[in-house]
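Structure first, commentary second.
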Amino acid sequence: SASQDHHDEL
Amino acid sequence: MNLFRLAGDMTHLVSVVVLLLKIHTIKSCAGVSLKTQELYALVFAARYLDLFVHFVSLYNTVMKLVFLASSFTIVWYMRRHKIVRRTYDKEHDTFRHHFIVLPCLVLGLLLNEKFTFREVMWAFSIYLEAVAILPQLVLLQRTRNIDNLTAQYVFFLGAYRVLYIFNWIYRYFTEPHFVHWISWIAGIVQTLLYGDFFYYYILSWKNNVKLELPA
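Line by line, the protein sequences give chains A and B.
Each residue of the first sequence is one higher than the one before, starting from 1 at the first, in the numbering used here.
Each residue of the second sequence is one higher than the one before, starting from 11 at the first, in the numbering used here.
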């Protein structure tokens, strides 16, 4: 999913 | 989102709020390293480039804005505010932080998850955050009477990273292929840098004496 290759942590 | 990560984010938030309140209320930044604050502002600027292009959640966006606003506000207070700037311990805050920005940038270029501008900037921000506390720890060693709020600021800043390590352990065991070597290694290095501060902070708290870091 898109969020997979993005950093979801601050 | 797991409890460790939420607790970590809240602890991180508390640390910047404590510092901002201290500076805003008593109009003093004595014992606070401007260099560490500038490094943190740079960390957030480099890490949150995707703030408006990639929406993760309302929480994520709000927290990014809070961290960006608070870190730049603190730098502004320490550089520009006519009263606060006079309380800045300039002659003791001498850590050459430029010497850590460049190696972190080079490391970001060499070790990243994808060789794109945003990913290189993200890796750079992770490495930079790991060492951003150094000027502050050096200043604390040179500051005779460390005031409680500054010590609490550093303590919460270290505690948030400890909680993030628990968050990574939790996510590793609950999410398939959740592997982020860059964050993990940098996060562990960052936490280790707080090691002796934690030791002396807890000791001073237990013995109820003023915090003193050996030079």
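Where is the CB? At the ideal position from N, CA and C, for every residue including glycine.
Predicted model, so just to flag it, every value in this text is computed and none were measured.
Determine the direct distance from the alpha carbon of residue j to that of residue i, and round the result to whole angstroms.
i             : j             : result
residue 33/B  : residue 65/B  : 32 angstroms
residue 175/B : residue 94/B  : 35 angstroms
residue 6/A   : residue 80/B  : 24 angstroms
residue 118/B : residue 130/B : 5 angstroms
residue 10/A  : residue 201/B : 16 angstroms
residue 82/B  : residue 44/B  : 11 angstroms
residue 91/B  : residue 31/B  : 14 angstroms
residue 182/B : residue 12/B  : 12 angstroms
Does DSSP put residue i in a helix, a strand or coil?
i             : result
residue 221/B : coil
residue 126/B : coil
residue 156/B : coil
residue 29/B  : helix
residue 163/B : helix
residue 106/B : coil
residue 39/B  : coil
residue 66/B  : coil
residue 11/B  : coil
residue 143/B : coil
Show which residues of chain C have a CB atom less than 8 angstroms away from the CB atom of residue i.
i            : result
residue 74/B : Given the protein chain composition of this structure (A and B), no chain C is represented.
Between residue i and residue j, how many whole angstroms is the CB-CB distance? I'm expecting something under 8 angstroms.
i             : j             : result
residue 107/B : residue 48/B  : 7 angstroms
residue 57/B  : residue 178/B : Going by Cβ atoms, the distance from residue 57/B to residue 178/B rounds to 17 angstroms, so no, they are not a contact pair.
residue 128/B : residue 19/B  : Their Cβ separation, rounded to whole angstroms, is 21 angstroms, which puts residue 128/B and residue 19/B out of contact at 8 angstroms.
residue 110/B : residue 193/B : About 18 angstroms separates the two Cβ atoms, so there is no contact after all.
(request) Could you tell me whether the segment 49-64 of chain B touches the segment 215-224 of chain B, using the rule of 3 or more Cβ pairs below 8 angstroms? (result) no
(message) Would the segment 153-168 of chain B count as touching the segment 114-121 of chain B if we require 3 or more Cβ pairs under 8 angstroms?
(response) no
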